[in-house]
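Visitor: Structure in structure tokens, see below.
Number of protein chains: 2
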Amino acid sequence: MERILIDQIQENDGKKVLIKGRVLNMRNLGNIVFLIIQDYTGAIQVVFDKNTEAKTGDAVAIEGTAKKEIRSKYGFEIQGEKLEIVSNITEDLPFDLAKNDLNLNLSTLLDYRTLSLRHPKVQAIFKLYDILLKGYEITMREEKFTEIKTPKILGAATEGGANFFKVKYFDKEAALAQSPQFYKQIMVGVFERVFEIGPAFRAEPHFTTRHVNEYISLDAEAGFIKDFYDVVDILNRVIKKVFSIIEKEGKQYLDTHNIKISEVPDQIPRVKLAEIKKIIKEKYNYSIPEAIDIDPEGERLAGKYAKENFNSDFIFITHYPWSEKPFYTMPCEENPEETCGFDLLFKGLEIATGSQRIHAYKQLIENMEKKKIKPNGMEFYLDIFKYAMPPHGGWGIGSERLIQQILELGSIKEAILFPRDVKRLVP
Amino acid sequence: MERILIDQIQENDGKKVLIKGRVLNMRNLGNIVFLIIQDYTGAIQVVFDKNTEAKTGDAVAIEGTAKKEIRSKYGFEIQGEKLEIVSNITEDLPFDLAKNDLNLNLSTLLDYRTLSLRHPKVQAIFKLYDILLKGYEITMREEKFTEIKTPKILGAATEGGANFFKVKYFDKEAALAQSPQFYKQIMVGVFERVFEIGPAFRAEPHFTTRHVNEYISLDAEAGFIKDFYDVVDILNRVIKKVFSIIEKEGKQYLDTHNIKISEVPDQIPRVKLAEIKKIIKEKYNYSIPEAIDIDPEGERLAGKYAKENFNSDFIFITHYPWSEKPFYTMPCEENPEETCGFDLLFKGLEIATGSQRIHAYKQLIENMEKKKIKPNGMEFYLDIFKYAMPPHGGWGIGSERLIQQILELGSIKEAILFPRDVKRLVP
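If you read the protein sequences in the order shown, they are chains A and B.
Under full-length UniProt numbering, read the first sequence as residues 1 to 427, first letter to last.
Under full-length UniProt numbering, read the second sequence as residues 1 to 427, first letter to last.
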């Protein structure tokens, strides 16, 4: 007999079927046993009118007859006839996966990650993550971007930055990529529009709910832009399309978390950083410290402002100061103390950052000198600007932060299968 | 005026258009100038009846009138009216990108990678790579696999193996993932079917045409398999679908390399390793050394055999010896000296490797003891087998090798944007 998947039960009403999956829960009333069986397409109740040998957690194969059952929350159930244990648990589960909520603290949730991932509510997070990846892949191709894969082992700590993880690379010292920045810019000279989905590594000793040391960045870079608002426009459109795909295909997983997905405006509000600082001071009486561009509380209030004034969960903050942005960021023509750089906030948290980049060799070298950055090891990148790079810009999206914010999870680590932080390298 | 892309010229016959792109080539006949302009959708000839300031390599914007031109290989051309230099080259290109072939040796090709990538024939390689990624993403979802992203920084050098790159991770020592093996198996317990596209790092000091130290692995793992032929069947189907997508969407790039894509049989021939060794000895009088499973010459001849006897560019070699396969590989029931492990060869080169895995805790531990592998640091992985893992198996495909073999490139490094080998960390 051929196995059917649980989401095919409906089409098999009244028929004899074979299903395979895991026993998520069971109730034994003596002469009648109720099993909830879960496979990767859903769950269903199976009723046996005799005892079975199965235990919660076992992997089983069940033959029985599918039938409509309006009293069941699944709409259907299976009258079980034969049960085979395909693989049995040999140790009790450390928690009850059948409860509506695991109610574990974050550190326990992650210590037992290999098992907590089996909980339906945790699974839902990563089903949505799968749809996010799919949505980005599809949308970027619709926008005529070419998918690229660039190296994660770099010859030198680039971008003039610290916070690189060091790798022993044969007899050399290498570093792990913090972003595909240089490579995606180089690729603008090749394909004009490129995107990459790949890991980024940051050796920053953070202990926050929104930082990890390894994450998946959704990058893009586009050439022949008129100005940096072109980049903002494309990102706006991409986010809108991706959200519509998540809404359409992820409904059941959003429901599991009682989340209604945010509407993405056709034109997400765009406010200059200097302006939003003023607004936050005036409206919410909060002063963002002078020395920094924006702090977490400032981001939260900027999000609040966007919601209250534009009914938008999103807001672009633009024109970040020259002093805070990397050397390749295009300074503003009107005011060289500001840049054509932006962040995208979603529910009061930065989820993407981007900018127009400098594309003329001379300007780039001058900007590096102003920032006192040495070209050592970056020559391969700098040289490309001698060869007619078009005006260009792009972004990086923190994929896990996006899921964190969609589902309003307490920590970004809940949105990563096996997160890496200062203390956590296992599992 | 709104820019149109070069692949939209046809729809604009007789109209005034604005295009943007790079000057790939130019001929100046005094009172008439021919420019070949390339954007990310194609190339077209532009004719000016006066001199222009553009040089080969410049990024330009051109206004003119689109018209049919049967004498042009592009089918259309543009009668140029206005040319604006968007960004100009300030240094001469080191080679002529307009030639049909770059004819550079591999090391020069890679030293000048940021520019050699602009050659149409090199671009074609990475357009096909983009389509390969797309094909795999789409096909795996059609097969109901969930896309996952697993960590690339690992807490310990796992799989009992050497050849890990070491990373300084705060006050700990960590290692770069050689494969997502443990994590994708763990995820079988969560989603039953998972796939991952991500980097894999191998610290092996190879100097061959088919090895690099960082590559993109197309991984998959599936649960509730009947036996390892289930895995072989799914992989067979996936390769067939992916190739049909590459054939359909990549025709122009295949043509650029004069390649007719291989037909993928519905059932790729499957031969046991012991059997193919015999065949190679008898048919081609070549003896694969006893001590190893199969060598490159053996693979080449196995490919030749598949072509001559089954008219197939593909062949599965199965039942690799227990002694050669990792500890998690399922031994054969009939003969424990052999495993349920296989390789897929394409045109005489291994492009994928896979197996059924051991899913019972006791058997796994016993197999490790037999192989004298210590569990240190792998407990998080081993423990999962106490919790009813279903029979499962999967594969890893070397994505760049697949492109290398499709296009019959001399080295895998030609199929990687910025390859990493023992000597090469830059660009």
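Where a beta carbon is used, it is the ideal one built from N, C-alpha and C, also for glycine.
None of the values given here were measured: they were computed from a predicted structure.
Given that residue 389 of chain B touches chain A, what residues does it touch there, using C-beta distances under 9 angstroms?
Guide: Those within 9 angstroms of residue 389 of chain B in chain A are 59 and 87.
Visitor: Between residue 51 of chain A and residue 29 of chain A, what straight-line distance do the alpha-carbon atoms span, to the nearest angstrom?
Guide: Between residue 51 of chain A and residue 29 of chain A, the C-alpha separation is close to 9 angstroms.
Visitor: Indicate the three-state DSSP secondary structure (helix, strand or coil) for residue 242 of chain A in the structure shown.
Guide: Looking at residue 242 of chain A - three-state DSSP - the assignment turns out to be helix.
Visitor: Identify the continuous beta strand (DSSP E) that holds residue 166 of chain A and give its terminal residues.
Guide: Unbroken beta strand (DSSP E) run through residue 166 of chain A: 166-169.
Visitor: Just to confirm the assignment: which complete beta strand (DSSP E) runs, minimum length 3, are found wholly within the stretch 270-355 of chain B?
Guide: With a minimum length of 3 residues, the continuous beta strand (DSSP E) runs that stay inside the stretch 270-355 of chain B are 270-272, 314-318 and 341-346.
Visitor: If the cut is a Cβ gap below 8 angstroms, which residues of chain B does residue 183 of chain A touch?
Guide: Ordered by position in chain B, the residues that pass the 8 angstroms Cβ test against residue 183 of chain A are 417 and 418.
Visitor: Assign residue 1 of chain B to one of two classes, buried (16 or more other C-beta atoms within 10 Å of its C-beta) or exposed (fewer than that).
Guide: Result: exposed.
Visitor: Based on Cα-Cα distance, which residue from B:287, B:16 and B:53 lies nearest to residue 67 of chain B?
Guide: Ranking the options by Cα distance to residue 67 of chain B, first place goes to B:16.
Visitor: Identify each residue in the stretch 345-368 of chain A for which the Cβ-Cβ distance to at least one residue of chain B is less than 9 angstroms, and report them in chain order.
Guide: Listed by position along the chain: 359, 360, 361 and 362.
Visitor: Tell me the residue span of the alpha helix (DSSP H) that contains residue 255 of chain B.
Guide: From DSSP, the alpha helix (DSSP H) with residue 255 of chain B extends over 251-256.
Visitor: Measure the alpha-carbon distance for residue 253 of chain A versus residue 95 of chain B and round it to whole angstroms.
Guide: Straight-line Cα distance between these residues: approximately 54 angstroms.
Visitor: So residue 172 of chain B contacts chain A; which residues on that side make the cut at Cβ distance below 8 angstroms?
Guide: The contacting residues are 425.
Visitor: On the CB-based measure, 16 or more other CB atoms within 10 Å of its CB, does residue 367 of chain B come out buried or exposed?
Guide: Per the 10 Å Cβ criterion, buried.
Visitor: Between the C-alpha atoms of residue 11 of chain B and residue 224 of chain A, what's the straight-line distance to the nearest angstrom?
Guide: Cα-Cα distance, rounded: 22 angstroms.
Visitor: Residues in the stretch 201-222 of chain B with C-beta within 8 angstroms of chain A's C-beta atoms, listed in sequence order?
Guide: So the list reads 201, 203, 205, 213, 214 and 216, given in the order they occur along the chain.
Visitor: For chain A, check one thing: does any of its Cβ atoms lie closer than 7 angstroms to the Cβ of residue 71 of chain B?
Guide: No, residue 71 of chain B lies away from the interface with chain A (no Cβ there is under 7 angstroms from its Cβ).
Visitor: Of the choices B:427, B:317, B:69 and B:72, whose alpha-carbon is the least far from that of residue 271 of chain B?
Guide: Comparing Cα-Cα distances from residue 271 of chain B to each of B:427, B:317, B:69 and B:72, the minimum goes to B:317.
Visitor: Counting only beta-carbon separations shorter than 7 angstroms, does residue 151 of chain B have a partner in chain A?
Guide: Answer yes: the Cβ-Cβ gap between residue 151 of chain B and chain A drops below 7 angstroms somewhere.
Visitor: Residues of chain B with CB under 9 angstroms from residue 199 of chain A, in chain order?
Guide: Going along chain B in sequence order, the residues near residue 199 of chain A (Cβ under 9 angstroms) are 149, 151, 152, 153, 198 and 199.
Visitor: Let me see if you follow: with CB-CB separation under 7 angstroms, is residue 40 of chain B close to chain A or not?
Guide: So, interface residue.
Visitor: Using the rule of at least 16 other Cβ atoms within 10 Å of the residue's Cβ for burial, across every protein chain shown, is residue 336 of chain B buried or exposed?
Guide: Exposed, since its Cβ has fewer than 16 Cβ neighbours within 10 Å.
Visitor: Start and end of the alpha helix (DSSP H) containing residue 136 of chain B?
Guide: From DSSP, the alpha helix (DSSP H) with residue 136 of chain B extends over 120-142.
Visitor: Extract the residue ranges of the beta strand (DSSP E) inside the stretch 358-427 of chain B, only unbroken runs of 3 or more that lie entirely within it.
Guide: The qualifying runs are 392-398.
Visitor: State the DSSP-derived secondary structure class of residue 87 of chain B, mapped to helix, strand or coil.
Guide: It is a strand residue.
Visitor: Between the stretch 91-112 of chain A and chain B, which residues of the former have a C-beta closer than 8 angstroms to a C-beta of the latter?
Guide: Residues 91 and 93.
Visitor: Any beta carbon of chain A sitting closer than 7 angstroms to that of residue 402 of chain B?
Guide: False, the Cβ-Cβ gap to chain A never drops below 7 angstroms.
Visitor: Within 8 angstroms, do at least three Cβ pairs link the stretch 176-194 of chain A to the stretch 146-155 of chain A?
Guide: Short answer: they touch.
Visitor: Examine chain A for any beta-carbon lying closer than 7 angstroms to the beta-carbon of residue 35 of chain B, and answer yes or no.
Guide: It does not: the Cβ of residue 35 of chain B has no partner Cβ on chain A nearer than 7 angstroms.
Visitor: Determine the chain B residues that contact residue 27 of chain A at a beta-carbon separation under 9 angstroms, and present them in chain order.
Guide: Under the 9 angstroms cutoff, chain B gives no residues; its nearest Cβ is about 19 angstroms from residue 27 of chain A.
Visitor: Given that residue 233 of chain B touches chain A, what residues does it touch there, using C-beta distances under 7 angstroms?
Guide: Correct list: empty, because the minimum Cβ distance to chain A is about 13 angstroms.
Visitor: Are the C-beta of residue 224 of chain B and some C-beta of chain A separated by less than 7 angstroms?
Guide: By this cut-off, residue 224 of chain B is an interface position.
Visitor: List, in chain order, every chain B residue whose beta-carbon is nearer than 7 angstroms to that of residue 384 of chain A.
Guide: Per Cβ cutoff of 7 angstroms: 114.
Visitor: Flag residue 130 of chain A as yes if its beta-carbon sits less than 7 angstroms from any beta-carbon of chain B, otherwise no.
Guide: Yes, residue 130 of chain A counts as interfacial toward chain B.
Visitor: Give the C-beta separation of residue 330 of chain A and residue 355 of chain A to the nearest angstrom, bearing in mind that I take them to be a contact with Cβ-Cβ under 8 angstroms.
Guide: Yes, residue 330 of chain A and residue 355 of chain A are in contact; Cβ-Cβ is about 6 angstroms, under 8 angstroms.
Visitor: Taking 7 angstroms as the threshold (C-beta atoms), are residue 386 of chain B and residue 84 of chain A in contact?
Guide: No, they are not a contact pair.
Visitor: At what residues does the beta strand (DSSP E) containing residue 27 of chain A begin and finish?
Guide: Segment 16-28, the beta strand (DSSP E) holding residue 27 of chain A.
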